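Notes follow the structure.
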C-alpha cells in the first residue's frame, strides 16, 4: 500500500473533520468526517477556497487559520458557528495549525473541527432547567396556568399553547415537561418558522443517505431525538400543508418514515405545540388542516400578554434584577418609583421578553445602586410624555392640534433633558437635524 493511500485511510478514520489548504487558501485534503459535518463531499470541496465550504460566522474577521498565521501559534478549541451545505447552522470546535516544509517555508495550513451540537444541547438543557423559575406571576391568569401545568404533569395529552410573541410559551412548555414523568428524558425544541420549508420535514423526521443532494449520511430527525421525552413545536402555524399530513400521522400513530426511507420509525414522544396565531382562523383560511388542529388542541393554554397582567410586572422586574446582578457582577438594589411608574405605564408589545431586554439595557447604563428613568430604553421613557400633554398648550386661532401637541412634547422632553439636543432626539426617536428643524418650525427656543 502506497504512503498516500495509507495516509488517506488514517485521515478518514479520524472522528473529527480535517481539511488542509495550500497558500492560495484552496482545499487539498478533505476527510470523511469533514464531509459528514459540512454536508460537502470531498469531490466538491477539493479545489474550492476554504471559506466556500467551511462557512463560519467569523471567516471575515477572526479566521482560526489567519490567527495562527499572524501569531505563529496553533489555535485550539475555538468555538464558531458554521453553515452546512443544507443551510443548517451548527456549532463546532476548531483547531488550526500552519504547515511548513523542511526549510521552514509556509506551504499551507490544517484545520480540524468537531461537531459540538450535542454538547451545546446538553448545556442548554442544564441552563434552561433553571429558567423554569422565570414562570412568575401572582395574577389570576398566571395562577390558572400554574394549575394547568400541575394537572398536565399527570398525563401525556397533547397541549397547544397560544399567546403573543414574547409571552413565555417556551418556558411554559418546558415547565410542563419538567413536572411530568418525562422530566429525565430529552426536551427537544423545533422552531418551525426558523427553518426553510424544504428542510423542515428532514429536520422533524430525519433522512437516509442519498435521499436528496447533500444527504451524505443517515440523519435522525427531532422526533427520534425526543424519544422518551417531549418535543416542542414552536410556531406550529408555519408548517407547510404537505408536512402537516406527516405530522398528523406521527401524532396519531407515534410512527413515521425518514425521508427516502422505507423502514417505519416508532417513537414515544409527548407533543407540545405553540403559536402566536389564531389556528381556527388558519383552518378557515385553508392554511392549516382541521384534523391536525383538533389533534393538537386537546388541552389549550392561553398565555395573556403582559399588558393584561400588570400586577406581575414588579415581580418580573425583581427577578430580572436578581438574575442580571449575577450575570453582570453588580449589586443593583432595585428600581426607583419613577422608573417603575414608566415600566407600569408602557404597553409592552414584546411582552416578557421585551421587559427582560429593558432591564438588561438598564444594567448596562446604571452605575449606581438604583435603576433610574434615564437608564431605561428611549421607547419606555417616551411613555411618560403623553398622559400630561394637555396642560402644556392652549390652541391659538388657526393652530392645528397635532402641531400643538408635537410642540408641547418637544418642549417637555427638552426641559427634562436640560436642553441636551442629542438626548432629547434619542428619546423622541428622531435625528438631531430633524429635532433642530422642528424647533425652528415651532419657534422653540431656550429662555434665558
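Numbering (this note's numbering), first residue to last: 239 to 686. Positions of the beta carbon are idealized from the N, C-alpha and C atoms, including for glycine. Note that the structure is predicted; figures quoted are calculated from it, not measured.
Alpha-carbon spacing of residue 495 relative to residue 552, whole angstroms: By one-based count along the chain shown, residue 495 stands at place 257. By one-based count along the chain shown, residue 552 stands at place 314. When rounded, the distance between both Cα atoms is 49 Å.
Going along the chain, which residues of its own chain have a beta-carbon closer than 7 Å to the beta-carbon of residue 712, five neighbours each way excluded? Any question about residue 712 goes unanswered here, given that the chain covers just 239 to 686.
Would DSSP call residue 419 helix, strand or coil? For the purposes of this step, residue 419 is taken as residue 181 along the chain shown, with counting starting at 1. Of the three classes helix, strand and coil, the one that applies to residue 419 here is coil, per DSSP.
Tell me whether the beta-carbon of residue 404 lies closer than 9 Å to the beta-carbon of residue 589. Indexing the chain shown from 1 puts residue 404 at position 166. Indexing the chain shown from 1 puts residue 589 at position 351. In this structure, residue 404 lies near residue 589, with their beta-carbon atoms less than 9 Å apart.
Terminal residues of the continuous alpha helix (DSSP H) containing residue 388? The residue you call residue 388 lines up with position 150 of the chain shown. Annotation for residue 388: the continuous alpha helix (DSSP H) segment containing it runs 378-390.
Can you tell me where the alpha helix (DSSP H) with residue 616 in it begins and where it stops? In the chain shown, the residue the question calls residue 616 occupies position 378. For residue 616, the uninterrupted alpha helix (DSSP H) segment begins and ends at 616-619.
Is it true that the CB of residue 427 sits closer than 9 Å to the CB of residue 536? Here residue 536 refers to the residue found at position 298 when the chain shown is read from its first residue. Here residue 427 refers to the residue found at position 189 when the chain shown is read from its first residue. It is not a contact, given that the beta carbons lie outside the stated cut-off.
Selection from 312, 379, 328 and 352 that minimises the alpha carbon distance to residue 254: One-based indexing of the chain shown puts residue 254 at position 16. Of 312, 379, 328 and 352, the residue nearest in Cα terms is 352.
Along the chain, where does the alpha helix (DSSP H) that runs through residue 655 open and close? Taking the first residue of the chain shown as position 1, residue 655 is located at position 417. Neither: residue 655 is in no alpha helix (DSSP H) and is coded neither H nor E.
For residue 321, which residues of its own chain have a beta-carbon under 6 Å away from its beta-carbon, when the five flanking residues on both sides are left out? Here residue 321 is taken as the residue at index 83 of the chain shown, counted from 1. Closer than 6 Å at the Cβ level, and outside the excluded window around residue 321, lie 293 and 327.
In angstroms, rounded to a whole number, what distance separates the CA positions of residue 576 and residue 613? On the chain shown, position 338 is the one that residue 576 refers to. On the chain shown, position 375 is the one that residue 613 refers to. For residue 576 and residue 613, the gap between their C-alpha atoms comes out near 11 Å.
For residue 502, count neighbouring Cβ atoms within 10 angstroms of its own Cβ and tell me buried if that reaches 16, exposed if not. What you label residue 502 is simply residue 264 of the chain shown in a count that begins at 1. With fewer than 16 other beta carbons inside 10 angstroms of its own, residue 502 counts as exposed.
Buried or exposed: residue 309, going by 16 or more other Cβ atoms within 10 Å of its Cβ? For the purposes of this step, residue 309 is identified with residue 71 of the chain shown, where counting begins at 1. Residue 309 should be labelled exposed.
CA-to-CA distance, residue 342 to residue 263, given in whole angstroms: Counted from its first residue, the chain shown places residue 263 at position 25. Counted from its first residue, the chain shown places residue 342 at position 104. Roughly 19 Å separates the two Cα atoms.
Give every residue of the same chain whose Cβ lies closer than 6 Å to the Cβ of residue 456, excluding the five residues on either side of it in the sequence, and list them in chain order. Taking the chain shown and counting its residues from 1, the one referred to as residue 456 is at position 218. So the qualifying residues of the chain are 446 and 447.
Indicate the three-state DSSP secondary structure (helix, strand or coil) for residue 370 in the structure shown. In the chain shown, counting from the first residue as 1, residue 370 sits at position 132. With a pLDDT of only 43 at residue 370, under 50, the local geometry of the prediction cannot be trusted, and no value is derived from it.
C-alpha gap between residue 619 and residue 581, whole angstroms: Taking the first residue of the chain shown as position 1, residue 619 is located at position 381. Taking the first residue of the chain shown as position 1, residue 581 is located at position 343. The straight-line gap from Cα to Cα measures roughly 8 Å.
Terminal residues of the alpha helix (DSSP H) in which residue 272 lies: For the purposes of this step, residue 272 is identified with residue 34 of the chain shown, where counting begins at 1. 270-276 is the span of the alpha helix (DSSP H), which, as asked, contains residue 272.
Proximal residues to residue 628 (C-beta, below 6 Å), its chain only, five neighbours per side dropped: Sequence index remark: in the chain shown, residue 628 carries index 390 (1-based). Residue placement at residue 628 is flagged as unreliable, the pLDDT there being 35, under the threshold of 50; a coordinate-derived value is accordingly withheld.
Count Cβ pairs between the stretch 302-317 and the stretch 328-336 that sit closer than 8 Å; are there 3 or more? The stretch 302-317 vs the stretch 328-336: in contact.
Helix, strand or coil for residue 629, going by three-state DSSP, please let me know. In the chain shown, residue 629 corresponds to position 391, counting from 1. Low per-residue confidence applies at residue 629: pLDDT is 35, beneath 50, and the placement is therefore not dependable, though the value from the model is reported in the following sentence. Reduced to three states, the DSSP call for residue 629 is helix.
Is DSSP giving residue 338 helix, strand or coil here? Looking up residue 338 in the chain shown gives position 100. Strand at residue 338.
Residue from 604, 441 and 482 whose Cα sits closest to the Cα of residue 529: Taking the first residue of the chain shown as position 1, residue 529 is located at position 291. The candidate whose alpha carbon is nearest that of residue 529 is 482.
Using a Cβ-Cβ cutoff of less than 7 Å, which residues in the same chain neighbour residue 437 once the five nearest sequence positions on both sides are dropped? By one-based count along the chain shown, residue 437 stands at place 199. So the list reads 324, 325 and 326, once near-sequence residues are dropped.
With DSSP as the reference, label residue 680 as helix, strand or coil. As a first step, residue 680 must be located in the chain shown, where it is residue number 442. If DSSP states are grouped into helix, strand and coil, residue 680 belongs with the helices.
When the Cα of residue 385 is compared with those of 400, 401 and 413, which residue comes out closest? In the chain shown, residue 385 corresponds to position 147, counting from 1. Measuring from the Cα of residue 385, the nearest candidate turns out to be 413.
Given that a residue counts as buried once 16 or more other Cβ atoms are within 10 Å of its Cβ, and exposed if not, what is residue 605? Translated into positions along the chain shown, residue 605 becomes position 367. Within 10 angstroms of the beta-carbon of residue 605 lie fewer than 16 other beta-carbons, which makes it exposed.
Distance between residue 256 and residue 547 (C-alpha atoms, nearest Å): For this step, residue 547 is matched to residue 309 along the chain shown. For this step, residue 256 is matched to residue 18 along the chain shown. Rounded to whole angstroms, residue 547 to residue 256 spans 54 Å at the Cα level.
Identity of the residue in 348, 248 and 316 nearest residue 260 by Cα: Position 22 of the chain shown, counted from the first residue, corresponds to residue 260. Ranking the options by Cα distance to residue 260, first place goes to 348.
In terms of residue numbering, what span does the alpha helix (DSSP H) encompassing residue 481 cover? Translated into the one-based positions of the chain shown, residue 481 becomes position 243. Counting along the chain, the alpha helix (DSSP H) containing residue 481 begins and ends at 479-491.
Using a Cβ distance threshold of 8 Å, determine whether the stretch 554-572 contacts the stretch 516-531, with at least three qualifying pairs required. Output reads no: the stretch 516-531 does not touch the stretch 554-572.
If you follow the beta strand (DSSP E) that residue 521 is part of, which residue opens it and which one closes it? Counted from its first residue, the chain shown places residue 521 at position 283. Counting along the chain, residue 521 falls outside any beta strand (DSSP E), though it belongs to the alpha helix (DSSP H) covering 517-522.
Chain-order list of residues whose beta-carbon lies under 8 Å from that of residue 556 (same chain, five-residue window excluded): Sequence index remark: in the chain shown, residue 556 carries index 318 (1-based). Here the set comprises 572.
What are the boundary residues of the alpha helix (DSSP H) that includes residue 602? Position 364 of the chain shown, counted from the first residue, corresponds to residue 602. Taken as a continuous stretch (DSSP letters only), the alpha helix (DSSP H) holding residue 602 covers 589-603.
With DSSP run on the structure shown, which of helix, strand or coil describes residue 354? In the chain shown, residue 354 corresponds to position 116, counting from 1. For residue 354, the three-state secondary structure derived from DSSP is coil.
So is residue 468 buried or exposed if we call it buried at 16+ other beta carbons inside 10 Å? As a working note, residue 468 is residue 230 in the chain shown. With 16 or more other Cβ atoms within 10 Å, it is buried.
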